[in-house]
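If you use UniProt numbering, the sequence shown corresponds to residues 1 to 524, in order.
Presented below is the structure to which this report refers.
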Amino acid sequence: SKTISKCYVQVTGMTCASCVANIERNLRREDGIHSILVALMAGKAEVRYNPAVIHPAAIAELIRELGFGATVLENGGESDGILELVVRGMTCASCVHKIESTLMKTNGVLYCSVALATNKAHIKYDPEAIGPRDVIQVIKDLGFTTSLVKKDRSASHLDHKQEIRQWKRSFVVSLVFCIPVMGLMIYMMVMDSQLSDAHAHHNMSSEEMEALHSSMVLEYQLLPGLSVMNFLSFLLCVPVQVFGGWHFYIQASRALRHNTANMDVLVVLATSIAFLYSFVILLVAMAERAKVNPVTFFDTPPMLFVFISLGRWLEHVAKGKTSEALARLISLQATEATIVTLGPDNVLLSEEQVDVELVQRGDIVKVVPGGKFPVDGRVIEGHSMVDESLITGEAMPVTKKPGNTVIAGSINQNGSLLISATHVGADTTLSQIVKLVEEAQTSKAPIQQFADKLSGYFVPFIVAVSVATLFAWIIIGFVDFEIVEKYFLGYSRSISAAEVIIRFAFQASITVLCIACPCSLGLA
1 SKTISKCYVQ VTGMTCASCV ANIERNLRRE DGIHSILVAL MAGKAEVRYN
51 PAVIHPAAIA ELIRELGFGA TVLENGGESD GILELVVRGM TCASCVHKIE
101 STLMKTNGVL YCSVALATNK AHIKYDPEAI GPRDVIQVIK DLGFTTSLVK
151 KDRSASHLDH KQEIRQWKRS FVVSLVFCIP VMGLMIYMMV MDSQLSDAHA
201 HHNMSSEEME ALHSSMVLEY QLLPGLSVMN FLSFLLCVPV QVFGGWHFYI
251 QASRALRHNT ANMDVLVVLA TSIAFLYSFV ILLVAMAERA KVNPVTFFDT
301 PPMLFVFISL GRWLEHVAKG KTSEALARLI SLQATEATIV TLGPDNVLLS
351 EEQVDVELVQ RGDIVKVVPG GKFPVDGRVI EGHSMVDESL ITGEAMPVTK
401 KPGNTVIAGS INQNGSLLIS ATHVGADTTL SQIVKLVEEA QTSKAPIQQF
451 ADKLSGYFVP FIVAVSVATL FAWIIIGFVD FEIVEKYFLG YSRSISAAEV
501 IIRFAFQASI TVLCIACPCS LGLA
């Protein structure tokens, strides 16, 4: 008796269906090769051969001679078939045991678990030995009714509409409040420079006097220690901190719960500390009834939030575009197939409608004019024109006659065809394309992974540096107060030296945090 073995070969360099046909045609002629099946998208060839005559390495060599790259896959590369079923009519644990034990005895079933509470069965099987319809039949023969677990074909999990909305909202909120804050800031800068010029020359023109007065309006104290400028900045900053930063806070808290530090943590740290510090400084100044207005950082949070939420928004818009394309691809899949039983001389004996998931390899499927091909297959009988534009982009219909291959999702036009299923389920060309696009969606670019890894170290490092800055300045201050006095603007004799030192140290450490806040890294 001839023993038939099976091996899988990874084939690279195939560009279209004619490459597939070329490999299949040439290898069939060779001695010892029983059958060969090549999947274009997966880049895999499945070869059945007689081990007495030929061995896998020689098969790969034959493919290489045709001008393709070929390597033999060690672990067979055949994925087990997985079947999820809803089983009705189970009453107790003995029913469960009956189903499980009967299935496990069935040839080709590798694993089976039935849950009584949810009425679900999870079955792994070897697609070579058994198919989903056989499994369902076994359960039916035991007296239970079964149906497939309906898959969600709408690709709703890839929908980015909600994220797009939320980031757009937080960007717009931040922007609306950021513009006036920036305006105030720039105005103050210009005024400060004019003031210093005026002080340098002592002789002021009337315009300069007016400019001085208008900047005085912003510096004017509503309450002792609370200037108009700081009060306005505070009012504009609160909504940004709450609404603009909402999602950042949520994500940062999640990251911290899992003991990791990502970009969101830095953003939240820098903005919160800048905001809280400024707020506390204002309260202190008001309590002291300070004459000189304290330096606040209310301009930092809105500007950071604007840039970063803009980046996130654009990222999700780009992802949403790919997802739309993917949803369209998924919608091309047929949902049902007509399986026929053939007698001698290809006489139709019977036909039945089944779910696409239940089509097994080697089934004969009938496709009527105007119908979609449910699976990849080879034409057995009939002549027709087929629109394959979904895969090839070719608008002209392609002629199909017995022996030609057909692609799942393409549309049969004028003749009725009988095809033999070669690739079913997750192995069809269309499923492979969907899988590739999904993987591209979910995987990160290497540079992005690198940035995430860096930020894991970057965040603790920056926090450490700013804490070090804080302590360093406190120490310097107590050792040599002159230095602090020289750099600390608005030093007035009315407050104690210790307080000046601590305030200055705080300012320095906040500055470190705000500047290192993921400026370039996070935005990029």
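Glycine included, C-beta positions come from ideal geometry on N, C-alpha and C.
Legend entry - K400, enclosing beta strand (DSSP E) - first and last residue: Here residue 400 refers to the residue found at position 400 of the sequence shown. Per DSSP, K400 belongs to the beta strand (DSSP E) from 398-400.
Legend entry - Stretch-stretch touch, CB-based, cutoff 8 Å, three pairs: the segment 321-333 with the segment 280-298: no
Legend entry - Selected residue, minimal CA-CA separation from residue 527, among S94, S147, L85: Nothing about residue 527 can be read from this structure; the chain reaches only from 1 to 524.
Legend entry - C19: first and last residue of the uninterrupted alpha helix (DSSP H) it sits in: If you number the sequence shown from 1, residue 19 lands on position 19. Start and end: 17-28.
Inset, instruction - Spell out whether any CB of chain C is found under 7 Å from the CB atom of S350. - result: Any reference to chain C falls outside this structure, which holds one protein chain only.
Legend entry - Contact under 7 Å by Cβ, V265 with A285: Walking along the sequence shown from the start, residue 265 turns up at place 265. Walking along the sequence shown from the start, residue 285 turns up at place 285. Against a cut-off of 7 Å, the Cβ pair of A285 and V265 comes out as no contact.
Inset, instruction - Could you work out which residue in V459, G456, I501, T469 is closest to G477 when comparing CA atoms only? - result: Position 477 of the sequence shown, counted from the first residue, corresponds to residue 477. Closest by alpha carbon: I501.
Legend entry - Reduced DSSP category for A45 - H, G, I as helix; E, B as strand; rest coil: Sequence index remark: in the sequence shown, residue 45 carries index 45 (1-based). DSSP places A45 in strand when its eight states are reduced to three.
Legend entry - Residue from V437, M385, G311, A426 whose Cα sits closest to the Cα of N412: Here the question's residue 412 lines up with position 412 in the sequence shown. The candidate whose alpha carbon is nearest that of N412 is M385.
Legend entry - Distance between D31 and L66 (C-alpha atoms, nearest Å): For the purposes of this step, residue 66 is taken as residue 66 along the sequence shown, with counting starting at 1. For the purposes of this step, residue 31 is taken as residue 31 along the sequence shown, with counting starting at 1. The alpha-carbon atoms of L66 and D31 are separated by roughly 17 Å.
Legend entry - Three-way DSSP call (helix, strand, coil) for Q166 in this model: Walking along the sequence shown from the start, residue 166 turns up at place 166. Here Q166 sits in helix by DSSP.
Legend entry - Separation of A39 from N26, as counted between CA atoms: Counting from 1 along the sequence shown, the entry for residue 26 is found at position 26. Counting from 1 along the sequence shown, the entry for residue 39 is found at position 39. When rounded, the distance between both Cα atoms is 16 Å.
Legend entry - T12 versus F450: straight-line alpha-carbon distance, rounded: The residue you call residue 12 lines up with position 12 of the sequence shown. The residue you call residue 450 lines up with position 450 of the sequence shown. Cα-Cα distance, rounded: 29 Å.
Inset, instruction - Take S323 as the anchor and find which of D363, K161, S466 has the nearest alpha-carbon. - result: Locating residue 323 in the sequence shown gives position 323, where the first residue counts as 1. Checking every option, the nearest Cα to that of S323 belongs to K161.
Inset, instruction - Answer yes or no: do V268 and F248 have a C-beta to C-beta separation smaller than 7 Å? - result: Here residue 268 refers to the residue found at position 268 when the sequence shown is read from its first residue. Here residue 248 refers to the residue found at position 248 when the sequence shown is read from its first residue. Going by C-beta atoms, V268 is nearer than 7 Å to F248.
Inset, instruction - Quick one: using the 10 Å Cβ neighbour count with 16 as the cut-off for buried, is V109 buried or exposed? - result: Counting from one through the sequence shown, the residue named residue 109 turns up at place 109. By the 10 Å Cβ count, V109 comes out buried.
Legend entry - DSSP-derived helix/strand/coil call for Q360: Counted from its first residue, the sequence shown places residue 360 at position 360. Coil, per DSSP.
Inset, instruction - Can you tell me the Cβ-Cβ gap for N346 and V379, rounded? I've got them flagged as a contact below 8 Å. - result: Counted from its first residue, the sequence shown places residue 346 at position 346. Counted from its first residue, the sequence shown places residue 379 at position 379. Contact flag wrong, Cβ pair sits at about 12 Å.
Legend entry - N414 and P369 closer than 7 Å at C-beta: Reading the sequence shown from its first residue, position 414 is the one you call residue 414. Reading the sequence shown from its first residue, position 369 is the one you call residue 369. Yes, these two residues count as a Cβ contact at 7 Å.
Legend entry - Opening and closing residue of the alpha helix (DSSP H) in which D141 lies: Numbered from its first residue, the sequence shown carries residue 141 at position 141. 132-141 is the span of the alpha helix (DSSP H), which, as asked, contains D141.
Legend entry - Beta carbon of V96 nearer than 7 Å to that of V114: The residue labelled residue 96 in the question sits at position 96 within the sequence shown. The residue labelled residue 114 in the question sits at position 114 within the sequence shown. Closer than 7 Å, so yes.
Legend entry - DSSP three-state assignment for E439, whether helix, strand or coil: Here the question's residue 439 lines up with position 439 in the sequence shown. Here E439 sits in helix by DSSP.
Legend entry - Contact under 7 Å by Cβ, E381 with L418: Start at 1 with the first residue of the sequence shown, and residue 381 comes out as number 381. Start at 1 with the first residue of the sequence shown, and residue 418 comes out as number 418. Contact flag set, yes.
Inset, instruction - Would you tell me roughly how many angstroms separate the C-alpha atoms of I407 and K105, rounded to the nearest one? - result: For the purposes of this step, residue 407 is taken as residue 407 along the sequence shown, with counting starting at 1. For the purposes of this step, residue 105 is taken as residue 105 along the sequence shown, with counting starting at 1. Computed Cα separation, rounded: 36 Å.
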